[in-house]
Amino acid sequence: MHELSVALRIVEALDQELVGEEEGLVVTAVSIQIGTLTGIVPEALQFCWDMATENGLLQGSKLDIQIVEATGYCAECNLERPLTNLQSMRCPICQSPITQISGGNDLEILTVTVESPDDA
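Residue numbering for the sequence shown follows my numbering, beginning at 167 and increasing consecutively.
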């Protein structure tokens with residue numbers, strides 16, 4: 167299960183980003199996008215989040231996961247198409263091979279919601 171290492175990397179990235187910010191700052195929520203081609207199982211990542219955030223600024227924070235469907239470029243249609251069958255990697259319209267993946271293969275941190283001590 168590589169989702170724990172993914173959760174730990176997200177925590178590490180956010181810890182580095184928030185270094186030097188206001189003392190007492192509390193992260194309440196983190197919103198991410200994950201593509202269907204990443205191999206990340208959203209439920210497993212959600213399960214690992216509490217373990218990865220046991221200590222520090224992210225303790226008790228909520229993880230919001232948005233799924234991005236895989237898309238690919240069809241040279242025959244000259245359009246970006248959703249990849250409905252990831253095994254065949256073919257355009258769902260003309261059945262030509264997809265020559266380039268154009269989406270759904272990334273993990274992106276979208277937003278981080280924080281509370282300062284004054285907000286509490």
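The beta-carbon is built from N, C-alpha and C at its ideal position, and this holds for glycine as well.
| Asked | Found |
| --- | --- |
| Is the Cβ-Cβ distance between leucine 174 and valine 193 less than 9 Å? | no |
| With distances taken between CB atoms, is the gap from glycine 270 to leucine 245 smaller than 9 Å? | no |
| List the DSSP bridge partners of isoleucine 231. | Ile198 |
| Would the region 169 to 184 count as touching the region 254 to 267 if we require 3 or more Cβ pairs under 8 Å? | no |
| Are the beta-carbon atoms belonging to serine 262 and alanine 236 less than 9 Å from one another? | no |
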